[in-house]
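**Student:** Residue numbers (this note's numbering): 3 to 361.
Even glycine gets a Cβ: it sits at the ideal position worked out from N, Cα and C.
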Amino acid sequence: MVDTNTPPPPDTAAPRPSGTAGSRAGRPAAPGTAPRGRNRATAGSGRMAALLVSPTLLVLSVVVLYPTIMALRESLYGVKGLDPTTGFISNTEPFVGLQNYADIFGAGGDRFWNAFWNTTFFTIVTVALETVIGVAMALIMHKAFQGRALVRASILIPWAVPTAISGLLWRWIFNSDGIANALLGHQVLWTTEGFHAKVAVIIAEVWKTAPFIGLLVLAGLQVIGKEVYEAARMDGASPLRQFWHITLPLVKPALLVAVLFRCLDALRMFDLPYLLVGPQKNSVETLSMLAQNEASNVRFGPAAAYAVILFLYVFLIALGFVRLLGADVIGDGGGTARKGKRKSRLRRAPATDDAEVPA
């Protein structure tokens, strides 16, 4: 009878621990073997994400990318005129390369620089005033008092009014015999050349768009818990310190988004000064008005060059804003948080031990 409990012969090797087939005991598995399933799942998620984003990218390509490319192409062509080789009027626009840009930044660019500084001045002044007034509006709308709904509706009405209607309304107010001169007690020609025309545009723009900033800041105030202010009051913090150390830091992401949107909107200001003061007024002419004036005179090449420069200006402002304040706009730590997570992950990574597992 055979004994089944007989030990194996001495020359038979003991089995190695399972889990690391084909590798030395104690060492990790060869790279590329374990995460195959994970890579396959990641690739599937990437394809699904690309499929979901593709309609948005298609729409953006149609309404943003294609017009930008066509404007850039048009800016390389000149104005129709006499063909120097034939002496006849040309039916096509001649290719002039970068001559339109050279004319803009050359000796004849006084009108461009005037429009550029007007655009920058309007953007800085209006956005600064709108931020202060909008935050004040948000604080008023956030307070609990009788008739708060009526106050909120009345504050948001100017933002809901179309810009064309707002421009005509303020043109009537700033008329020579309008309400503004009646309140001042003397006559000011608001819609003529001069600094008073800039003041009229700034007042009308701030009146219309300050509620937009107030609305976004109010949304940020709604998520702040009351217990935060109760704890601050128990610590003896004054209302001003509560606003500076609690309210303002917590609504900062919403406020920065509102300021960014308003900066981009103010840089392309056209309709309000056009209707309120009028076209071809050096005091209020902006880059958008300059491009429109060139296009209305059938100078499509220079108009496209002005539009391309305005696009680059707006793009650089938006890019700089996001690069400098991107973490605050997103609302998290941004790149700093990701770097901290990466460093902590590296610190937690266990060191591999090359010691052999005894048999």
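Quick test of your reading: residue 182 and residue 192, contact by CB under 8 angstroms. State the CB separation rounded to the nearest angstrom.
**Tutor:** Their Cβ separation, rounded to whole angstroms, is 7 angstroms, which keeps residue 182 and residue 192 in contact under 8 angstroms.
**Student:** What's the C-alpha gap between residue 307 and residue 296?
**Tutor:** Roughly 10 angstroms separates the two Cα atoms.
**Student:** So which of 263, 243 and 235 has the shortest CA-CA distance to residue 219?
**Tutor:** With distances taken between Cα atoms, residue 219 lies closest to 263.
**Student:** What does residue 315 pair with, by DSSP beta-bridge criteria?
**Tutor:** Paired residues: none, contrary to the question.
**Student:** Just checking, does the segment 101–119 make contact with the segment 286–296 on the three C-beta pairs under 8 angstroms criterion?
**Tutor:** With the cut-off at 8 angstroms, the segment 101–119 and the segment 286–296 touch.
**Student:** Please report the distance separating the alpha-carbon of residue 243 from that of residue 216.
**Tutor:** Cα-Cα distance, rounded: 21 angstroms.
**Student:** Return the Cβ separation of residue 124 and residue 190 in integer angstroms, given the expectation that the two are a contact with Cβ distance under 8 angstroms.
**Tutor:** Not quite, the Cβ-Cβ distance comes to about 19 angstroms (not below 8 angstroms), so this is no contact.
**Student:** Find out if the Cβ-Cβ distance for the pair residue 300, residue 199 is shorter than 8 angstroms.
**Tutor:** No, Cβ-Cβ distance for residue 300 and residue 199 is not below 8 angstroms.
**Student:** Can you tell me whether residue 52 is buried or exposed? The criterion is at least 16 other CB atoms within 10 Å of its CB, across all chains shown.
**Tutor:** The residue is exposed, with fewer than 16 neighbouring Cβ atoms inside 10 Å.
**Student:** My understanding is that residue 98 touches residue 303, with C-beta atoms under 8 angstroms, so please give their C-beta distance in whole angstroms.
**Tutor:** Right, the Cβ-Cβ distance comes to about 7 angstroms (below 8 angstroms), so this counts as a contact.
**Student:** Do residue 164 and residue 209 count as a contact pair if the criterion is CB distance below 8 angstroms?
**Tutor:** For residue 209 and residue 164, no; Cβs fall outside 8 angstroms.
**Student:** Within the 8 angstroms Cβ cut-off, does residue 215 reach chain D?
**Tutor:** Any reference to chain D falls outside this structure, which holds one protein chain only.
**Student:** I need the straight-line Cα distance from residue 57 to residue 68, nearest angstrom please.
**Tutor:** Answer to the nearest angstrom: the Cα atoms are 15 angstroms apart.
**Student:** With a threshold of 16 other CB atoms inside 10 Å of the CB of residue 44, please say whether the residue is buried or exposed.
**Tutor:** Per the 10 Å Cβ criterion, exposed.
**Student:** Who are the near neighbours of residue 222 in its chain, counting only those whose CB is closer than 6 angstroms to its CB and skipping five residues on each side?
**Tutor:** The answer, listed in chain order, is 253 and 256.
**Student:** Name the DSSP bridge partner or partners of residue 308?
**Tutor:** None, per the DSSP bridge assignment.
**Student:** Pick helix, strand or coil for residue 176, following the three-state DSSP scheme.
**Tutor:** Three-state DSSP puts residue 176 in coil, outside helix and strand.
**Student:** Assess, as a yes-or-no matter, whether the segment 227–236 is touched by the segment 150–160 under the definition of 3 or more beta carbon pairs within less than 8 angstroms.
**Tutor:** Result no; under three Cβ-Cβ pairs closer than 8 angstroms.
**Student:** Quick check on DSSP: helix, strand or coil for residue 97?
**Tutor:** Strand.
**Student:** Once the 5 residues before and after residue 230 are set aside, which same chain residues still bring their CB inside 7 angstroms of it?
**Tutor:** Once the five neighbours on either side are set aside, the close Cβ partners of residue 230 are 248.
**Student:** Cutting at 8 angstroms between CB atoms, please list the residues of its own chain near residue 64, excluding the five before and the five after it.
**Tutor:** The answer is none, since no qualifying residue turns up.
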